[in-house]
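> One structure is given below, represented as structure tokens, and several questions about it will come after.
Dropping the structure here:
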């Protein structure tokens, strides 16, 4: 084909048409996505809007190439006359259009490719982060993925634009086979990208008619991944273009011209490339042989046989010994539960089989989860940093119900980590399947069935925690509490027909949620100190009692006997002071004497300190009694002498006292008239250690 400005004008017109079509598709997709609230259409419109840059670059490139061709035509007309060679030797100085075209190929097109790669990668990253928020429980903005209710209109728009884009891409791909129009391949590949995304959205919309939104959600995830993949291919093409040798007269291929998408725009060339590769591997033209031709003629029958074989295999489902299965027809359960063995069903899509592991023990965290396992978790640890999500404390009674009216209104917060282990109950598979589905809810990563079980369990746990005090929960009564919760929860599961059998309900971590949790450690230390003090006191009491009684086996009988004696003595005293009859008093006294005799017998049998002290008391009593008796006898013996002569008895007794006491007294002999004597007595006792007068007298005597 002749390369002139007319051919470039045709390519520029085609690029302009592609630009208008790209803008129209992008605008309609974006407007419909915003008005109808559909996330998939908004995501797809971002890809289409980025493709506008491709068509703008191709349009500018061919417009400049047209100017270059016109400039070359003018130069050739001026060069017809051999004598008019005034412009010879000037080169590019007289061809500015060619210089600008070269500048476009060298700098502008690579720059456009890098801009496209950046836009695709950045947009894909932002979209993935947006979708990840849907799965995050910490999404404060409550990000949502919208699916339009106008499914019919959405399907019509997506199919219409997908068909339009495919036809236009095929047309442009046909033009790109001409070397002059080869740069149109970039626009054709981008239009194929539009077709791929819109076709995927159309497939997801078709599944929405069957109440299956998961396919469209996957399409929303696939769009940013597709953008990042194309961005990576553009960067690879850019790097290869730096080292690819240039052929004279061949137009350079922009990096945004995706070879992968170009194959989809021209599938016939793809098949032709496969044939050439097969011939190359075998070393001869195998595609022209009779075997290859027979394979091509029988290809449809082979495909049909494979489909029939797949359908036949799909009618059989093997149920393992730990499994049970049911047949589903359009989502409804058909027939009874299939026990382990071979299950026969209609092929897909008429019937499907759902196989469930009924013996597997499942675990459901009821509260928070740890980020990583540690051997020990302390009350002083910050749970906000150790837990995956911030714990939500439970309410319990702050103190025991003691009679104090003010204590009944005190509440406390308790951080609880609770884990429920359960399995499908025997003959409970149908209840299990009808209770909820396995569809995962966004942000929670839990199925609807698990969310239902979680709500029921948390409600029961919260209700029962409010009936307990804080001391009861954090003490050894925790095991009894978990057993009560398990029993109540199993009854509730049975009443709601969940098909669940609870294996265990554990509370591996409990702590007060308030900042005063350190005081609980002080309580524990005080309780340990109290236990040590009680143990030491009991040991001291045992030692004292054993020392007192003498035999440790008689301690308790002696205590009981002494208490019985004290009670009998109290009764006897009460009867005497209350004016009871003498018979009652006498009976009480006999009872007291009996109890006293029993206690004394036990004490003497033990032969301890108490028995020894009682014996000593008896000895002392007899000694004092005999001494008093002897003095009384002596006095009685002197009565006769007193009666015979009282005065002589008094004088004799007086002289006997003087005889006993005068020898120990200090006596002074005065030889003058007593009336002239003035005696000054100082009744003080001098400390012998401080009596220096005697020492002075002794020294003076020695000096003389």
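In my numbering, the protein residues as written are 321 to 1024.
Ideal Cβ placement from N, Cα and C applies to all residues, glycine included.
Note that the structure is predicted; figures quoted are calculated from it, not measured.
1) Hey, quick one: how far does the alpha helix (DSSP H) through residue 877 stretch, first residue to last?
2) By Cβ distance, which residues of its chain are closer than 7 angstroms to residue 865, with the 5 residues on each side in sequence left out?
3) Using a Cβ-Cβ cut-off of 8 angstroms (strictly less than) and excluding sequence neighbours within five positions of residue 663, which residues of its own chain qualify?
4) Look at the alpha carbon of residue 666 and the alpha carbon of residue 745, and state the distance between them as a whole number of angstroms.
5) Below 8 angstroms, can you find three or more Cβ-Cβ pairs linking the stretch 364 to 380 to the stretch 501 to 508?
6) I need the boundaries of the alpha helix (DSSP H) containing residue 801, first residue and last residue.
7) Starting from the Cα of residue 476, find the closest Cα among 512, 486, 519 and give me that residue.
8) For the alpha helix (DSSP H) containing residue 528, name the first residue and the last one.
9) Ignoring anything shorter than 4 residues, give me the alpha helix (DSSP H) runs that lie fully in the stretch 928 to 966, in order along the chain.
10) Go ahead and pull the three-state DSSP assignment for residue 925.
11) Excluding the 5 residues flanking residue 268 on each side, which residues of the same chain have their C-beta closer than 8 angstroms to its C-beta?
12) Have a look at 651, 642, 690 and flag the residue whose alpha-carbon is nearest the alpha-carbon of residue 677.
13) I need the boundaries of the beta strand (DSSP E) containing residue 829, first residue and last residue.
14) Between residue 971 and residue 952, what straight-line distance do the alpha-carbon atoms span, to the nearest angstrom?
15) Who are the Cβ neighbours of residue 372 in its own chain at under 8 angstroms, not counting the five residues just before and after it?
16) Following the continuous beta strand (DSSP E) through residue 573, name the residue where it begins and the one where it ends.
17) When the Cα of residue 512 is compared with those of 525, 789, 502, 488, which residue comes out closest?
18) With a cut-off of 8 angstroms on the beta carbons, I'd call residue 433 and residue 554 a contact; round off their distance for me.
19) Leaving aside the five residues before and after residue 992 along the sequence, list all residues of the same chain whose C-beta is less than 6 angstroms from its C-beta, in chain order.
20) Roughly how many angstroms separate the alpha carbons of residue 496 and residue 575, rounded to a whole number?
21) So residue 562 is in the alpha helix (DSSP H); what residue range does that whole segment cover?
22) With DSSP as the reference, please indicate the residues paired to residue 329 in a beta bridge.
23) In this structure, how does DSSP classify residue 679 when only helix, strand and coil are distinguished?
24) Are at least three pairs of beta-carbons, each pair with one atom in the stretch 954 to 965 and one in the stretch 897 to 906, less than 8 angstroms apart?
25) How would you call residue 550, buried or exposed, if buried means at least 16 neighbouring beta carbons within 10 angstroms?
26) Let me confirm a value: residue 807 is counted as buried when at least 16 other C-beta atoms fall within 10 Å, else exposed. Which label applies?
27) Could you tell me how far apart the beta carbons of residue 419 and residue 329 are, in whole angstroms, since I believe they sit closer than 8 angstroms?
28) Where do the ends of the beta strand (DSSP E) carrying residue 990 lie?
29) Have a look at residue 983 and residue 989 and give me their C-alpha separation to the nearest angstrom.
30) Please go through the same chain and pick out, in chain order, the residues whose beta-carbon is closer than 7 angstroms to the beta-carbon of residue 661, but skip the five residues on each side of it.
31) Kindly list the residues whose CB is nearer than 8 angstroms to the CB of residue 474, restricted to its own chain and excluding five residues on each side of it in sequence; keep chain order.
32) Among 614, 425, 448, 514, which residue has its Cα nearest to the Cα of residue 582?
33) For residue 753, collect the residues of the same chain with a Cβ closer than 8 angstroms to its Cβ; drop the 5 residues on either side in sequence, then sort them by chain order.
34) When we look at the beta-carbon of residue 332 and count the other beta-carbons within 10 Å, is it buried (16 or more) or exposed?
35) I believe residue 543 touches residue 364 by the beta-carbon criterion, under 8 angstroms. Please report the beta-carbon distance rounded to the nearest angstrom.
36) Kindly indicate the opening and closing residues of the alpha helix (DSSP H) around residue 649.
According to the structure data:
1) 875 to 897
2) 875
3) Hits under 8 angstroms: 636, 637, 638, 639, 645, 647, 673.
4) 28 angstroms
5) yes
6) 798 to 815
7) 519
8) 505 to 528
9) 929 to 964
10) helix
11) Outside the shown range of the chain (321 to 1024) lies residue 268, about which nothing can therefore be said.
12) The option with the nearest alpha carbon to residue 677 is 642.
13) Per DSSP, residue 829 belongs to the beta strand (DSSP E) from 820 to 832.
14) 22 angstroms
15) 339, 342, 343, 346
16) Secondary structure note for residue 573: it is in no beta strand (DSSP E), with a DSSP letter that is neither H nor E.
17) 488
18) Contact between residue 433 and residue 554 holds, with the beta-carbon distance rounding to 5 angstroms and staying under 8 angstroms.
19) none
20) 16 angstroms
21) It spans 534 to 563 - the alpha helix (DSSP H) in which residue 562 sits, taken as one unbroken run.
22) By DSSP's assignment, residue 329 forms no beta bridge with any residue.
23) coil
24) Fewer than three pairs of CB atoms, one per stretch, sit closer than 8 angstroms, so the stretch 954 to 965 makes no contact with the stretch 897 to 906.
25) buried
26) exposed
27) The pair is not a contact, with the Cβ atoms about 21 angstroms apart (cut-off 8 angstroms).
28) According to the DSSP assignment, residue 990 belongs to no beta strand (DSSP E), since it is labelled neither H nor E.
29) 15 angstroms
30) 639
31) Within the same chain, residue 474 has close Cβ partners 352, 356, 358, 361, 468, 521, 525.
32) 514
33) 646, 653, 674, 676, 819
34) buried
35) 6 angstroms
36) Counting along the chain, residue 649 falls outside any alpha helix (DSSP H), though it belongs to the beta strand (DSSP E) covering 643 to 649.
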